[in-house]
Every structure is written in structure tokens, then in C-alpha cells.
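One structure below.
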Amino acid sequence: MITCSHYTVTRNGSTCIILDSNITGILHYNKTDNSTEEFKFNITGRMSGGSCKEMQYLVISFDSGINKKEWNLTIYFNQTDDSFQISNFTLRAYLPFKANVTEPHVYVMDEHAELGVNTDKNEAYKCSEVVLSFRDGATVNFHNTRLIAYAHLNATEFPENQKYSICQLDVRTSDLVPIVVGACLATLVIIVLIAYLVGRARAKRQGYASV
Numbered sequence: 244m245i246t247c248s249h250y251t252v253t254r255n256g257s258t259c260i261i262l263d264s265n266i267t268g269i270l271h272y273n274k275t276d277n278s279t280e281e282f283k284f285n286i287t288g289r290m291s292g293g294s295c296k297e298m299q300y301l302v303i304s305f306d307s308g309i310n311k312k313e314w315n316l317t318i319y320f321n322q323t324d325d326s327f328q329i330s331n332f333t334l335r336a337y338l339p340f341k342a343n344v345t346e347p348h349v350y351v352m353d354e355h356a357e358l359g360v361n362t363d364k365n366e367a368y369k370c371s372e373v374v375l376s377f378r379d380g381a382t383v384n385f386h387n388t389r390l391i392a393y394a395h396l397n398a399t400e401f402p403e404n405q406k407y408s409i410c411q412l413d414v415r416t417s418d419l420v421p422i423v424v425g426a427c428l429a430t431l432v433i434i435v436l437i438a439y440l441v442g443r444a445r446a447k448r449q450g451y452a453s454v
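Here my numbering is used: position 121 in the sequence shown is 364, and no number is missing along the way.
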């Protein structure tokens, strides 16, 4: 079983947001000499904030590994007809080699970002790969993700009978598996048939030669 980081938002004993995922990211920034730097990071921090109100959100604080200041990833959700979607997200980063490293650089959602995270009624979301795209080419990647918002749970874990909306990426992958297996089996049958026909032809030639 894959181990993931676990984040929750709870209010008055009721859990509204649960996120299980392994999170990584890549961002780009300009150094003081105007050169561009790429930085890869892992998010293995703690849930430091959130809200279970009408506009629900989750704040994850984490150590970037390059300075002592905590970075923050904030994910916002909205709700429509008992289903939820990711509506916005921001990343507050304290970048090295900046003129004023005490002030955070805020990466905001790319206006062309594909917000594919959505669910059917009362279901959680499940996907092997989710990408949040920011302006300036930064991305945050969620691996082996389970997510629910606008829930009313008495525990901070997913219920054993929780139903999931599977992302299109995984649906396409699962649909391809039987096709690939079928194609491999068909190829194997053809190879066996050809070998059988070749063997029969050789046997006939040997029979004629002996006569």
C-alpha cells in the first residue's frame, strides 16, 4: 500500500476536507543577475489552516529545504449541487537569491489551468496524477490522490465505504488494459498458428522426400 501525506480540515468535530497525496513541485524564479533558476521541492508539511465555511480551503505549510521560512500552498474549493471542484490555488514561496528574501513571492493560478478535479454527488475524488499549473510555469503535482471537500464526517479518515469519482486519466488507463491484453493474446494466437502451419508444411515435405 502506498503511503501518502494526510491533511484534514475540521470544525466543531466535523471534518469537511480530507486530502491524501504525495505532493511535489517545480517552480522558476529570476535571480538577482536576471538568470532563471529551476527549483524542485517536496511538500511533506502540516496542515496549518483551512475553513469549513461556504468557501472552503486547505492551507499546507511546509519546509522548502532552502531557507528557514515556511512556504504555504492554499487550495480553494467551491460546491455545486452536492459536488465539489477546485476553484483556485496559490503558492507563497520565499525564494533564495532574491533582493529581499524576507518577502514572499506569491504564485497564482494560471488563467489557462485545467481544473479537472470535480466529483459526482457526495463522492470523493481519486486520481493517480493531478497537476496544478501556476503562472510563470510553476506546477504542483499530486500523486496517488484521494480528496474530498464539503463533507460532514465524524472522523479524519476516509470511510471504508467511501465512493469515488475516478479521474479521466485513470479511466482511460483502465480502459486500455483489456485492449492491450486482448491485442497481446491475439498476437500470441497468430504466432502459434503460424508455427503450427510451418510445422505441418515441413512435415509434409519430409514425407514426400521419404517417398
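From the three backbone atoms N, C-alpha and C, an ideal C-beta is built for every residue, glycine too.
| Item | Value |
| --- | --- |
| Pick helix, strand or coil for Gly380, following the three-state DSSP scheme. | helix |
| Given Lys369, which residues of its chain have a CB within under 6 Å of its CB, disregarding the five upstream and five downstream residues? | Arg389, Tyr407, Ile409 |
| Note down the Cα distance separating Thr253 from His348, rounded to an integer number of angstroms. | 29 Å |
| Take the Cβ of Ala367 as the centre, count every other Cβ of all protein chains shown within 10 Å, and call the residue buried at 16 or more, exposed below. | buried |
| Decide yes or no for the touch test of the segment 350–357 against the segment 389–406: beta carbon pairs closer than 8 Å, at least 3 of them. | no |
| Which residues mark the beginning and the end of the beta strand (DSSP E) in which Cys259 is found? | 257–273 |
| To the nearest angstrom, report how far apart Arg335 and Asp363 are at their CA atoms. | 31 Å |
| May I have the straight-line CA-CA distance separating Asn255 from Ser294, to the nearest angstrom? | 11 Å |
| List the DSSP bridge partners of Asp306. | Glu313 |
| Cβ of Asn273 within 8 Å of any heavy atom in the ligand MN? | Among the components of this structure there are no ligands whatsoever, and the ligand MN is therefore not found. |
| What does DSSP give as the partner residues of Cys370 in its beta bridges? | Thr388 |
| Using the rule of at least 16 other Cβ atoms within 10 Å of the residue's Cβ for burial, across every protein chain shown, is Ser476 buried or exposed? | Residue numbering for the chain in the displayed model covers 244 to 454; residue 476 lies beyond these limits and cannot be assessed. |
| For the beta strand (DSSP E) containing Phe401, list its first residue and its last residue. | Neither: Phe401 is in no beta strand (DSSP E) and is coded neither H nor E. |
| Can you give the Cα-Cα distance for Ile309 and Val373, rounded to whole angstroms? | 25 Å |
| Give me the Cβ distance between Val383 and Leu440, rounded to the nearest whole Å; I'm assuming they're in contact under 8 Å. | Actually they do not touch by this definition, with Cβ atoms about 56 Å apart. |
| Identify whether Gln322 lies in helix, strand or coil by the three-state DSSP scheme. | strand |
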